[in-house]
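Each number in the working numbering comes from the position in the sequence shown (counting from 1) with 607 added on.
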Amino acid sequence: MPELPEVETIARGLAQRVTGDVVESVWLGQKKEPLKSPASEIAATLENSRIVAVRRMGKHIVFDLERSDGEGSVRPTHTTHAKSQFIVHLGMTGRLQVCEPQSEIAKHTHAILKLASGRELRFVDPRRFGRLSVARDGDFDAEGIEPLEVELDRFLALFRGRKTPIKSALLNQKLLRGVGNIYADESLFRAGIRPRRRAASIPRDQLEKLFLSVKEVLKEAIDLGGSSTSDYVNSDGEEGFFQLQHRVYGREAEACLVCKTSIKRVVIAGRSSHYCPTCQK
Ligand SMILES: [Zn+2]
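Set out below in structure tokens:
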């Protein structure tokens, strides 16, 4: 599943390629699952809209749209429905491709947006956990707080009185949005906190370390272009991710890079958690 850094990388790649382009027409497949908004609404919102920005919110890719009159000029933004959004969640296997119209249409293509530049933006998703939706008044807001933007006081407040394991709290998208399993494990390792510790029991100085390590791990991964372990494809349709060197994630029974203790794996809330029993308390 693409995590925040992969989604950030994909959104940045798309922003470079499609910002300023106009959606001329939309084809949507027959499968219902990928469409979170009605097909007619998705098509009506996208057609004749100019893509003014592409950005990441949590693990969503948000295309900010402005109505275009079809001649390419944009009406003033204060007119009704002048601003709307196209929102893509990649799910497990979703990907967005920017390609030439003659390039072969991949199996499991669920949406094709024809762009005024002559190219196409395609959504492909074999397992169909990805979701496409539109917000017609441009008011889409993902749940939770953006981990790269959250300030220390708000971060500390998220865990106050919370009796769940810190790992579960980090994965709770209503608290921080977009922190997934890999980056939660890596952040906890760097902060020296065991994943099973109750969030409320962790002293302030350790939470301050966690605050820094969450941001550090996500930023490092974004700088590397995400740390995919499987088949993500960048917005050109090419495989293009480098891997952040995981210090604990996926390293069960291997030696800790700091102290040589065997890395342990436990299951918390159904997810594998990896930690060093010596470095993490
Ligand atoms: Zn260690």
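All residues carry an ideal CB built from backbone N, CA and C; glycine is no exception.
Here the structure is a predicted model, which is why all the values come from computation and not from measurement.
Inter-segment contact for the region 868-882 and the region 778-791 is present: three or more beta-carbon pairs are separated by less than 8 Å. Straight through space, the alpha carbons of Lys-690 and Ala-650 are spaced by roughly 15 Å. The nearest non-hydrogen atom of ligand 1 is less than 8 Å from the C-beta of Val-865.
Spatial neighbours of Lys-638 in its own chain (CB-CB distance under 8 Å, excluding positions within 5 residues in sequence) are listed in chain order as His-717, Arg-735. Remark: the shortest separation between the CB of Cys-706 and any heavy atom of ligand 1 does not fall under 8 Å. The region 719-732 makes no contact with the region 750-757, as fewer than three CB pairs between them are under 8 Å. The shortest CA-to-CA distance from Asn-655 to any of Ser-675, Lys-643, Glu-711, Val-821 is the one to Ser-675.
Sorting Gly-745, Gly-725, Gly-636 by C-alpha distance to the C-alpha of Val-661 places Gly-745 at the top. Nearest Cα to Val-614 within the set Gly-799, Val-695, Leu-672, Thr-868: Val-695. Contact between Ser-775 and Ile-658 fails: their C-beta atoms lie close to 37 Å from each other, not under 8 Å.
When distances are taken from the beta-carbon of Thr-868 to the heavy atoms of ligand 1, the shortest one is below 8 Å.
At the C-beta level, Lys-826 and Ile-800 stay beyond 9 Å of one another. Out of Ile-617, Gly-698, Arg-663, the CA that lies nearest to the CA of Gln-704 is found in Ile-617.
The beta carbon of Thr-626 sits no closer than 8 Å to any heavy atom of ligand 1. Ala-807 counts as exposed, since fewer than 16 other C-beta atoms from the protein chains shown sit within 10 angstroms of its C-beta. Apart from sequence neighbours up to five positions away, the residues of its chain that approach Arg-797 with a beta-carbon distance below 6 Å are Ser-820, ordered along the chain.
The C-alpha of Ser-710 is placed about 25 Å away from the C-alpha of Glu-640. In this structure Met-699 is exposed. Its beta-carbon is surrounded by fewer than 16 other beta-carbon atoms within 10 angstroms. Considering only Ala-723, Ala-742, Leu-635, Arg-663, the residue with the shortest C-alpha distance to His-715 is Leu-635.
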